[in-house]
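Chemist: Quick note, the sequences are listed as chains A and B, same order. Under my numbering, think of the first position of the first sequence as 1, with each following residue one higher. Under my numbering, think of the first position of the second sequence as 1, with each following residue one higher. Quick reminder that beta carbons are idealized off the backbone N, C-alpha and C, glycines included. Being a predicted model, the structure only gives us computed values, none of them experimental. Handing you this structure, nothing more for now.
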Amino acid sequence: MDISLYVHIPFCKKKCRYCDFVSLNSSDEFIERYLRALEAETVARSKEYKNAKIKTLYFGGGTPSLLTARQFLRISDAIKNNFDIDLVETTVECNPESVSEEKLIAYKNAGVDRISVGVQSLDNGILRFLGRIHDREAAINAVKLAVKYFDNVSCDLIIGVPGESVFSVLNSVDVLCGEGITHISAYGLKIEEGTVLYDMQTAGMFETDDDFAADVYDAVCARLRDKGFHRYEISNFAKAGFESAHNKCYWKRTPYLGLGAAAYSFDGFSRFNNTENVTLYAEKLESGILAEVNRATLSKEDAMTETVMLSLRTEGGLDVKSFNEKFGCDFMRDKAEALEKNRRFLQIENNNIKLNKEYYYISNSIISDLI
Amino acid sequence: MFDNSKIRNFCIIAHIDHGKSTLADRLIESTDTVSKRDMEEQLLDNMDIERERGITIKLQTCRMFYEYRGEEYMLNLIDTPGHVDFTYEVSRSLAACEGALLVVDATQGIEAQTLTNVYLALDHDLEILPVINKIDLQSANPEGCKQEIEDVIGLPADDAPLISAKEGIGISELLERIITDLPAPKGNADEPLRALIFDSFYDNYKGAISMVRVGDGRVKVGDKIKMVSTGKVFDVTEVGVFTPSATPVDELYAGMVGYISASIKNVRDTAVGDTITLADNPTKNPYDGYKKITPMVFAGIYPADGSKYNDLKDALEKLQLNDASLMFEPEVSTALGFGYRCGFLGLLHMEIIEERLEREFDLDLVTTAPSVNYKVKLTSGEEITVSNPTHLPAPDRIEYMEEPVVKAEIYTPPEYVGAIMELCQEKRGVYKDLSYLDSSRSKLLYEIPLNEIIYDFFDALKSRTRGYASLDYEIIGYKKSDLVKLDMLLNGEMCDALSTIVHRDKAYARGRAIAEKLKDAIPRQQFEIPVQACIGGKVIARETVKAVRKDVLAKCYGGDITRKKKLLEKQKEGKKRMRQVGSVSVPSEAFMSILKIDS
Chain A
1 MDISLYVHIP FCKKKCRYCD FVSLNSSDEF IERYLRALEA ETVARSKEYK
51 NAKIKTLYFG GGTPSLLTAR QFLRISDAIK NNFDIDLVET TVECNPESVS
101 EEKLIAYKNA GVDRISVGVQ SLDNGILRFL GRIHDREAAI NAVKLAVKYF
151 DNVSCDLIIG VPGESVFSVL NSVDVLCGEG ITHISAYGLK IEEGTVLYDM
201 QTAGMFETDD DFAADVYDAV CARLRDKGFH RYEISNFAKA GFESAHNKCY
251 WKRTPYLGLG AAAYSFDGFS RFNNTENVTL YAEKLESGIL AEVNRATLSK
301 EDAMTETVML SLRTEGGLDV KSFNEKFGCD FMRDKAEALE KNRRFLQIEN
351 NNIKLNKEYY YISNSIISDL I
Chain B
1 MFDNSKIRNF CIIAHIDHGK STLADRLIES TDTVSKRDME EQLLDNMDIE
51 RERGITIKLQ TCRMFYEYRG EEYMLNLIDT PGHVDFTYEV SRSLAACEGA
101 LLVVDATQGI EAQTLTNVYL ALDHDLEILP VINKIDLQSA NPEGCKQEIE
151 DVIGLPADDA PLISAKEGIG ISELLERIIT DLPAPKGNAD EPLRALIFDS
201 FYDNYKGAIS MVRVGDGRVK VGDKIKMVST GKVFDVTEVG VFTPSATPVD
251 ELYAGMVGYI SASIKNVRDT AVGDTITLAD NPTKNPYDGY KKITPMVFAG
301 IYPADGSKYN DLKDALEKLQ LNDASLMFEP EVSTALGFGY RCGFLGLLHM
351 EIIEERLERE FDLDLVTTAP SVNYKVKLTS GEEITVSNPT HLPAPDRIEY
401 MEEPVVKAEI YTPPEYVGAI MELCQEKRGV YKDLSYLDSS RSKLLYEIPL
451 NEIIYDFFDA LKSRTRGYAS LDYEIIGYKK SDLVKLDMLL NGEMCDALST
501 IVHRDKAYAR GRAIAEKLKD AIPRQQFEIP VQACIGGKVI ARETVKAVRK
551 DVLAKCYGGD ITRKKKLLEK QKEGKKRMRQ VGSVSVPSEA FMSILKIDS
């Protein structure tokens, strides 16, 4: 069985204002303790996944580049020594302030072939607003370094930030493309409860504007198209051949295993994740127990919902014939009313349903009709 | 058997918050009818809503005993509802009494509503004993109050008892005055049974129960009773009195107040105002004044979630068991699906029913704009009555229309007269009279179409007079009027649930106001939605709901698919609360948003 492997490094120097994921500013001692637990989980899970072949590997966070080269290698080695690997893609997420030439060389030597840089913006005002601890210059330097050692470099951008201009976003895109990157993930800013930005918004310190976000999104899409990037998923753009194999596994519902606190897994039948409590995660593994919580076996309906929701986000769309065969249903008949209602937002041909590209930005309201 | 001369039947007339319920509680407590330990504040108002709003909806009665000069007296307190919507119920409970306590707040003086009920009581030849309450408050002005009672009502009030129901001051003196000042019932226990139903309610085990005042004769378990209005005969299974909980007794006889239970399935068979007599020895003098209750205000009530239609049906049926004045019949709306057209006594009644449906039956409702009964003369010569705008025939089939008009009495401090006249003018009112009752009180008389009153008149009156003015109204008849049906179009499709019947002069302003409200209440959708107000196909106002251009493009983080799925499922769930008008999804709240529009 081919699977993807995700490794979560839940540490950051400082939590960004929009972030509601698990990330901590921990002591060196605790990081060491966490890495020991991560190694223990790697060993334990590898026994469970004896027959699995690891096709893609992704170090995400948090900030994986916060780890020293030695620390990174420990985890990377643990995976190689315990799992059966046949990697087509290995990615490490890096943040501009913690990436270094030494680390990049170490990654390269460990077999990493893709770097994802958390740029978010090249506008210093926006970076401050988002609570990023790097500036434009640091981000550009990080990208330059990454491109120096890697052919496949991706950058994350956050778009639709209040106070941002279309001009400044396009400038970010232009500069990054000029450095020779091959992939961009452009996510709309979403204000999640429990974040600093949520509190600021609640206090009336700023307002978000969906129309503006849509304008920015349109402009970014057009500019990237001009630069030879194609959109293979709602928020993901790549030069031909540089689509992220790891990312695609989420949309295709192929199995993946998550290691580390708050990491998510899908074994083809059920979804589960590790505890978000990093200390508890370490404690559990120290006493020889997996830190898994929330294991839910998917019902047929769940699986159908996921398939529709995930495939419609992608360029390939939903293959109706295989959907019907897999679930023993007749999608076109069962959803006739919703399909009719959303006719103008969909491309339906040859047993395939795709979102019309101009309507990607309202995907949620369309997809929620079809699930 | 208690001699008639030792019985007093009385009610309490008071303005809302002038302390009626508190006084009732205090009387019950002082006569040891209920031990202090068991007293719950405002014992007689036993519905949650009543206690919260401080108003009485369903009548309650209580029998008390009090010893005066070595003799024991039976005092029957009959509580009266305190709102204009329930005037008929008030008049029936007054008919069950010989006397009334007129409770006046020493800090406020007489209010409009009090007067209405005082006049009702005088109409029923009740002996009225004025009582000045809240004398413990610093701002109390008992002398001014007495003067006002004499000036406004013409009742001698010089030796009116001064009390504080809250503090328990003057309560025993008041009890004695009830015995000395209020007349004993007349009636004769040896005559054929003649009992007035002044209220009825439904008990899950005993069926419909009539609350009665026995005028003549006697009634006991096993008697065959007959309802005079319908001729229906029932076997009495229980008779009793309220203390204030229902307590069975052997017999009810002339002069008493109590209840009769006779395994009656439907409260409609125990109509308020009807007379109960014995089947084999009927009375020759039934009580007069019985009238069938006719609803004045109508609205469509729908479940917010269309699949809850049956729950709504059950709830309405259960409420109706207790409230014979609630009428409903099934109705279908293209926008809202299956629901009910309901008839109410007035706006407050409507609000109370809605609130009880939501609270007691946990229903989420969508209510259409309240409407009245219009008389429509067709070109064919036929005349029909329409309350649902959707049922109004096309304009070319209508010869003319008539709408109900009320006589509105508004009592206000003189400084607000100008503001009220302006309001009445805006509401198509016709000025009739203005009188100054005293230096601090004036009475305005207007004739106003009912459809203006039910719209937002109460709210406007309150806000323009800082709550000082009060309103009483009664229907005086129908008047020809230039009425039109105002339709709302969403993306070109008519939405029946948003149609209203308005006066032509009001249509433009109303149309604009509704369109503006809808623009804000309808969420942006995948396409632009024109919101148009139309009269007979002619667009008179237009707003646009802009197309949504973005929803969430957020990261599907680290394979956390479940979170994304939940988000979409929540969105799908939210859509269930939406109604489909053509291609437009309209949230339930949008239908409600147009109910309160200031125009």
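Check whether the Cβ atoms of B:G207 and B:S261 lie closer than 8 Å to each other.
Modeler: Yes, the Cβ-Cβ distance between B:G207 and B:S261 is below 8 Å.
Chemist: Listed in chain order, which residues of the stretch 283-309 of chain A have Cβ atoms closer than 9 Å to some Cβ of chain B?
Modeler: Those residues of the stretch 283-309 of chain A that come within reach of chain B (Cβ to Cβ, closer than 9 Å) are N294, A296, D302, T305, E306, M309.
Chemist: Can you list the beta strand (DSSP E) stretches of 3 or more residues lying completely in the stretch 59-117 of chain A, in chain order?
Modeler: With a minimum length of 3 residues, the continuous beta strand (DSSP E) runs that stay inside the stretch 59-117 of chain A are 84-94.
Chemist: Tell me the DSSP secondary structure of B:Q526 in three-state form.
Modeler: Coil, per DSSP.
Chemist: State yes or no: is the beta carbon of A:F323 nearer than 8 Å to at least one beta carbon in chain B?
Modeler: Cβ-Cβ to chain B under 8 Å: no for A:F323.
Chemist: Does the beta carbon of A:G180 come closer than 8 Å to any beta carbon on chain B?
Modeler: No, its Cβ sits nowhere closer than 8 Å to a Cβ of chain B.
Chemist: Quick one: what does DSSP say A:C19 is sitting in, helix, strand or coil?
Modeler: Coil, per DSSP.
Chemist: State buried or exposed for B:E89, treating a residue as buried only when at least 16 other CB atoms are found within 10 Å of its CB.
Modeler: Counting Cβ neighbours within 10 Å, B:E89 comes out buried, since at least 16 surround it.
Chemist: Where A:I85 and A:K53 are concerned, what is the direct C-alpha to C-alpha distance, given to the nearest angstrom?
Modeler: A:I85 and A:K53: Cα-Cα distance of roughly 5 Å.
Chemist: Helix, strand or coil: which one does DSSP assign to B:V545?
Modeler: It is a strand residue.
Chemist: Between the C-alpha atoms of A:S154 and A:L189, what's the straight-line distance to the nearest angstrom?
Modeler: Spanning the two alpha carbons is a distance of roughly 18 Å.
Chemist: Answer yes or no: do B:V104 and B:N141 have a C-beta to C-beta separation smaller than 8 Å?
Modeler: No.
Chemist: Tell me the DSSP secondary structure of B:V584 in three-state form.
Modeler: B:V584 falls in the strand class under three-state DSSP.
Chemist: Could you tell me which of B:M227, B:V241, B:P330 sits nearest to B:N281, measuring between CA atoms?
Modeler: It is B:M227 whose Cα lies nearest to the Cα of B:N281.
Chemist: Enumerated in chain order, which unbroken segments of the beta strand (DSSP E) with a length of 3 residues or greater are wholly contained in the stretch 358-434 of chain B?
Modeler: As far as the stretch 358-434 of chain B is concerned, its whole beta strand (DSSP E) runs of at least 3 residues are 365-367, 374-378, 383-386, 398-412.
Chemist: In the DSSP output, which residue or residues are listed as bridge partners for A:H230?
Modeler: DSSP, once it has assigned bridges, lists A:A238 as partnering A:H230.
Chemist: May I ask you to report which of helix, strand or coil DSSP gives B:D190?
Modeler: B:D190 falls in the coil class under three-state DSSP.
Chemist: Please classify B:V586: is it buried, with 16 or more other beta-carbons within 10 angstroms of its beta-carbon, or exposed?
Modeler: Classification of B:V586: buried, given that the 10 Å Cβ count is 16 or more.
Chemist: How many whole angstroms separate the CB atoms of B:V386 and B:I454, which I take to be in contact at a CB cut-off of 8 Å?
Modeler: No, B:V386 and B:I454 are not in contact; Cβ-Cβ is about 15 Å, not under 8 Å.
Chemist: Counting only Cβ pairs nearer than 9 Å, list the residues of chain A close to B:L568.
Modeler: Ordered by position in chain A, the residues that pass the 9 Å Cβ test against B:L568 are T305, M309, N364, I367, S368, I371.
Chemist: Against B:V548, what residues of chain A qualify as contacts under a CB-to-CB distance less than 8 Å, listed in chain order?
Modeler: Per Cβ cutoff of 8 Å: D210, I362, S365.
Chemist: So which residues of chain B does A:C271 contact, with C-beta pairs closer than 8 Å?
Modeler: It is worth fixing the name first, because residue 271 of chain A is Arg in this sequence and not Cys. Going along chain B in sequence order, the residues near A:R271 (Cβ under 8 Å) are I561, T562.
Chemist: Under the three-state reduction of DSSP, which class applies to A:I159: helix, strand or coil?
Modeler: Here A:I159 sits in strand by DSSP.
Chemist: Mind checking if A:A238 is an interface residue toward chain B, Cβ cutoff 8 Å exclusive?
Modeler: Chain B, which has no Cβ nearer than 8 Å to the Cβ of A:A238, makes this no.
Chemist: Does DSSP put A:T314 in a helix, a strand or coil?
Modeler: Three-state DSSP puts A:T314 in a strand.
Chemist: Exposed or buried, what is B:S172 when buried is set at 16 or more other beta-carbons lying within 10 Å of its beta-carbon?
Modeler: Exposed is the call here.
Chemist: State the DSSP-derived secondary structure class of B:D151, mapped to helix, strand or coil.
Modeler: If DSSP states are grouped into helix, strand and coil, B:D151 belongs with the helices.
Chemist: Contact criterion: CB-CB distance below 8 Å. Does B:S583 meet it with respect to chain A?
Modeler: Output row for B:S583: interface = yes.
Chemist: Which residue's Cα is closest to the Cα of B:Y302: B:R268, B:K284, B:L357?
Modeler: Nearest of B:R268, B:K284, B:L357 to B:Y302, Cα basis: B:L357.
Chemist: What is the rounded straight-line gap between the Cα of A:T297 and the Cα of A:F269?
Modeler: Their Cα atoms are separated by approximately 6 Å.
Chemist: From the DSSP output, in three-state form, read off B:V539 for me.
Modeler: Strand at B:V539.
Chemist: Helix, strand or coil for B:H349? Go by DSSP, reduced to three states.
Modeler: The answer is helix: DSSP assigns B:H349 an H, G or I state.
Chemist: Using DSSP's beta-bridge definition, name the partner residues of B:T33.
Modeler: Beta-bridge pairing links B:T33 to no other residue.
Chemist: Let me know the secondary structure DSSP gives B:Y455 once reduced to three states.
Modeler: In the structure shown, B:Y455 sits in a helix (DSSP, three-state: H, G or I).
Chemist: May I have a chain-ordered list of the beta strand (DSSP E) segments no shorter than 3 residues that lie completely inside the stretch 209-284 of chain B?
Modeler: Entirely contained in the stretch 209-284 of chain B, the beta strand (DSSP E) runs reaching 3 residues are, in chain order, 218-220, 224-227, 233-235, 238-242, 246-248, 251-253, 257-264, 275-278.
Chemist: B:L567 and A:I367 look like a contact to me (Cβ under 8 Å); what is the Cβ gap, rounded to whole Å?
Modeler: Going by Cβ atoms, the distance from B:L567 to A:I367 rounds to 10 Å, so no, they are not a contact pair.
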